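Heads up, the thing below is written out as structure tokens.
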Amino acid sequence: MIRFAIIGTSKITETFLKGAFLNKDFCLNAVYSRNESTAKEFAKKYNAKHTFTDLNKMAQSDLVDAVYIASPNSFHASQSILFLKNKKHVLCEKPFASNSIEVSEMIKTAKENNVLLMEAMKTTILPNFQIIKENLHKIGQIRKYVGNFCRYSSRYDEYKQGRVLNTFNPVFSNGSLMDIGVYCIAPMVNLFGKPKEIKASGLLLESGVDGEGIVSLKYDNMEALINHSKICNSYLPSEIQGEEGSIIIEQINSFEKVKIIYRDGNTEELSTSHVSENMYYEVTEFIDLINNNKFESKINTFENSKIVMEIMDEARRQIGLSYPADII
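Mapped onto UniProt numbering, the consecutive letters of the sequence shown carry residue numbers 1 to 328.
Written out as structure tokens, the structure reads:
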């Protein structure tokens with residue numbers, strides 16, 4: 001049984017817990033919140049025995065084996081490093097940090113303390129993503145990857161009314177590329193590695209974060225296009241285009257439906273059924289690694305997480321998007 005603490009009591013944490021509780025080795029033992037009443041209310045709802053309002057005390061506590069971090073992006077690195085230094089395993093939400101310098105420091109700290117660090121990028125661990133990898137050869141020479149994810153933020157209406165919430169505040173290292181685009185970039189890197197060239201454009205909002213954008217990437221024998229937005233919706237799928245056919249991905253943030261359309265018009269369904277609470281898979285990967293005394297995932301590797309962040313660093317540089325966390 002792995003005793004988890006959680007940082008963050010938002011909707012993503014509740015979604016995480018629905019999947020996590022499906023794993024018999026998961027135990028929610030502690031909840032952190034700056035507000036004691038919030039921590040206690042959340043702990044009561046999910047039967048956690050302990051609450052903390054002091055991160056240092058929670059990191060030092062012998063009640064905790066591992067921590068799931070779902071705080072705003074700008075806190076990911078400092079909170080991960082705190083727990084890693086206290087010999088706690090860390091599962092940190094995407095995007096891993098604010099920039100690649102922070103990611104490198106997180107990885108360095110994990111290695112120095114012989115504990116597990118993993119980015120909670122669920123999609124690359126889902127069964128249907130693994131099926132894509134196994135069937136990629138069927139579409140011949142890969143020529144293009146199109147990652148498409150545009151989803152109107154539930155907070156954007158409030159933003160337009162003059163309320164700058166965390167979602168659109170650069171202090172928290174967020175925006176469309178970091179919060180939405182990362183879902184398109186991570187699978188690309190997992191499949192094809194580091195690109196040779198990056199060209200980015202984007203729309204900066206008055207608050208200082210990007211509302212939407214496009215990233216064009218070049219590999220030796222193929223190209224990739226990332227289309228992301230938090231201020232409008234898209235209903236188009238994502239694609240991996242090969243000379244013999246294309247793999248069609250509906251909803252790249254969940255990989256629920258995947259199929260091949262061959263050049264001759266024939267279709268092959270690739271999708272398999274999976275647990276509806278799909279964060280179960282990342283939790284299981286993380287817990288299995290702990291149980292097997294492994295300190296790095298072979299799927300969500302340190303190298304992949306670093307490349308993803310380097311791509312976003314360069315894209316942000318090109319569109320003129322910087323965060324307070326970038327100032328060292």
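Using N, Cα and C, we set each Cβ at its ideal position, and we do this for glycine too.
Just so you know, these numbers come straight off a predicted model, no measurement behind them.
Under the three-state reduction of DSSP output, N253 falls in the coil class, being neither helix nor strand. CA-CA distance, E296 to E93, rounds to 15 Å. Looking at the DSSP output, E269 sits in a beta bridge with K259.
Residue F255 holds the alpha-carbon nearest to the alpha-carbon of S276 among L270, G265, T267 and F255. Residue ranges of uninterrupted beta strand (DSSP E) with 3 or more members, entirely inside the UniProt domain "GFO/IDH/MocA-like oxidoreductase" (138–247) and ordered along the chain, are 142–150, 197–204, 210–218, 223–229 and 238–242.
In the pairwise beta carbon analysis, the region 70–88 is classified as not touching the region 289–308: fewer than three pairs are separated by under 8 Å. Put simply, the region 288–295 touches the region 113–120. At least three CB pairs are less than 8 Å apart.
Taking 8 Å as the upper bound for CB-CB distance, E250 and K230 are not in contact here, some 20 Å apart. Taken through DSSP and simplified to helix, strand or coil, L82 comes out as helix. For Y32, the pairing in a beta bridge is given by DSSP as I7 and F52. Assignment of A77 by DSSP, reduced to helix, strand and coil, places it in the helix class. Under DSSP, E93 shares a beta bridge with A120. Across the structure, T13 and S201 are spaced so that their CA atoms are roughly 32 Å apart. Across the structure, T38 and F52 are spaced so that their CA atoms are roughly 10 Å apart. Here Y68 carries a strand assignment [DSSP, helix/strand/coil]. Taking the C-beta atoms as reference points, I261 is found no nearer than 8 Å to L270. Straight through space, the alpha carbons of E134 and N86 are spaced by roughly 39 Å. The three-state secondary structure of F26, taken from DSSP, is strand.
Counting along the chain, the unbroken alpha helix (DSSP H) around V283 starts and ends at Y280 to N291.
Classified as exposed, N35 has fewer than 16 neighbouring CB atoms from the shown chains inside 10 Å of its CB. The straight-line gap separating the alpha-carbon atoms of A66 and Y323 is approximately 29 Å.
In the DSSP assignment, A110 falls within the alpha helix (DSSP H) that extends over S100 to N113.
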